[in-house]
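Here's the structure, in structure tokens; my notes come after.
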Amino acid sequence: VSDTYFLYPEHLYRLASEIDPAADTFRQWLEWAENCTSHWKHADAVATAWHAAIPDDTRPLLFLMKSAENRKALKKALGYLDTAEQIDNLNPDVRKARLRLLVAAAVRHLKQNKTQLAQKDITAREDLPQSREGDRPALGVALKSVCAMIDKDESEWVRWRRELTKLLEYPLAAQVVLQGLS
Numbered sequence: 010v011s012d013t014y015f016l017y018p019e020h021l022y023r024l025a026s027e028i029d030p031a032a033d034t035f036r037q038w039l040e041w042a043e044n045c046t047s048h049w050k051h052a053d054a055v056a057t058a059w060h061a062a063i064p065d066d067t068r069p070l071l072f073l074m075k076s077a078e079n080r081k082a083l084k085k086a087l088g089y090l091d092t093a094e095q096i097d098n099l100n101p102d103v104r105k106a107r108l109r110l111l112v113a114a115a116v117r118h119l120k121q122n123k124t125q126l127a128q129k130d131i132t133a134r135e136d137l138p139q140s141r142e143g144d145r146p147a148l149g150v151a152l153k154s155v156c157a158m159i160d161k162d163e164s165e166w167v168r169w170r171r172e173l174t175k176l177l178e179y180p181l182a183a184q185v186v187l188q189g190l191s
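Count along the sequence shown starting at 1, add 9, and that's the number in the working numbering.
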């Protein structure tokens, strides 16, 4: 194997990253691992090596976060996001991810009928400044409405449904959103 090492891209990329641990080398290696290997663990290993070699680069953390999110490992994804936020809280990809992951966590908890956990996710989402942009407040209200529906709290369900209709300005729009979530 030692005299045919050049036939194995994995070995070449690893060697190149050890000789010159540059972000571009890791980026190319990660792209190769995503496209040419069959299991997500290979690409995650490359991203982990990238983060170890260049700890203040958020790109490998964002990759690992997305990989974990795709596998529905939301707690792990949020852990990677926490680290990325410590490095570069102003990165737009980092800022968007928190909102998306909190919604995914809330939806998961609603599917599991764990409304108390979903409420915590909804509250954490509402604390984010970007959750108040555009129609995003309506999503929080819709999630609260689904919590009330699961808890069989008729008065809260009516309250949140009214609030959603007010935010979206059309009863049909509110019905479509609620139907989609439920």
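Beta carbons: idealized from backbone N, C-alpha and C, even for Gly.
Note that the coordinates shown come from a computational prediction; the quantities given were computed from them, not determined experimentally.
message = Measuring CB atoms only, is the region 104 to 123 touching the region 131 to 138, in the sense that at least three cross pairs come out at less than 8 Å?
response = Contact holds: three or more Cβ-Cβ distances are below 8 Å.
query = How would you write the range of the alpha helix (DSSP H) that residue 100 sits in, first residue to last?
reply = Unbroken run through residue 100: none, as it is neither H nor E.
inquiry  = Starting from residue 16, trace the alpha helix (DSSP H) in both directions and tell me its first and last residue.
reply    = DSSP places residue 16 in no alpha helix (DSSP H); its state is neither H nor E.
request  = To the nearest angstrom, report how far apart residue 144 and residue 69 are at their CA atoms.
outcome  = 31 Å
Cβ-based burial, residue 48 [other Cβ within 10 Å; buried from 16] = That one is exposed.
ask   = Just to confirm, are residue 176 and residue 157 a CB contact at a threshold of 7 Å?
value = No.
ask   = When the Cα of residue 139 is compared with those of 129, 102 and 124, which residue comes out closest?
value = 102
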